[in-house]
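What follows is a single structure, written as structure tokens, with notes after it.
Residue numbers (the working numbering): 17 to 177.
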């Protein structure tokens, strides 16, 4: 049986740079679900993120988003891409990439400056709680904030042709 490529496999990853992209939009009944590609590293061009920092960013990012005053009830999912070059964020609603730039600035600022115990980093709360690296997660969040989000360009908001 021949299967069609899923949408994310049709993006030219050789041209893709760090940014915020709308990966897809789906309908769940009458509700639009927007899936964002929060791309933190250049695919196939620079090292991928290690699992410990990805795991830490996931815990901090999900905690931040689910406690956000405006977006908490719109967040369906925040988690890592299997390739470890970024994260997916699924929100209820019809959004463009530019709509969430401020939200991502807030989230990555939160992660970049976070101190203390990582939320959910205990044996009771997480299936792999020892695989965390807060210093590296903070470093990557600062880098993404500085290199991508501070002065994000249109080319970092729309997938390359």
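Don't be surprised by glycine CBs; every beta carbon is placed ideally from N, CA and C.
CB of residue i within 8 Å of CB of residue j, strictly
i: residue 1; j: residue 95; result: Residue 1 lies beyond the residue range present for the chain, which begins at 17 and ends at 177; the question has no answer from this structure.
i: residue 39; j: residue 58; result: no
i: residue 67; j: residue 92; result: no
i: residue 113; j: residue 156; result: no
i: residue 137; j: residue 75; result: yes
Contact set for residue i: own chain, Cβ-Cβ below 8 Å, skip 5 residues either direction
i: residue 171; result: 33, 35
i: residue 79; result: 135, 136
i: residue 29; result: 59, 60
i: residue 168; result: 35, 36, 117
i: residue 163; result: 34
i: residue 87; result: 81, 107, 119
Contacts around residue i, its chain only, beta-carbon distance under 6 Å, and the 5 residues preceding and following it disregarded
i: residue 42; result: 49
i: residue 126; result: 80
For residue i, the nearest candidate out of the options (CA to CA)
i: residue 152; options: 130, 141, 139, 164; result: 130
i: residue 154; options: 77, 113, 17; result: 77
i: residue 98; options: 53, 164, 149, 150; result: 53
i: residue 83; options: 110, 135, 150; result: 135
i: residue 47; options: 111, 137, 132; result: 111
i: residue 149; options: 28, 86, 132; result: 132
CB-CB length for residue i against residue j, believed under 8 Å
i: residue 104; j: residue 26; result: Not quite, the Cβ-Cβ distance comes to about 16 Å (not below 8 Å), so this is no contact.
i: residue 161; j: residue 128; result: 6 Å
i: residue 165; j: residue 117; result: 7 Å
i: residue 21; j: residue 176; result: Between residue 176 and residue 21 the Cβ distance is about 17 Å, and since that is not below 8 Å, they are no contact.
Chain-order list of residues whose beta-carbon lies under 7 Å from that of residue i (same chain, five-residue window excluded)
i: residue 115; result: none
i: residue 158; result: 128
i: residue 44; result: none
i: residue 90; result: 107, 108, 109
Closer than 8 Å is the cut-off here; do at least three beta carbon pairs connect the region 136-146 with the region 70-80?
yes
Original post:
Quick check: the region 112-131 against the region 57-68, are there 3 or more CB pairs under 8 Å?
Top reply: no
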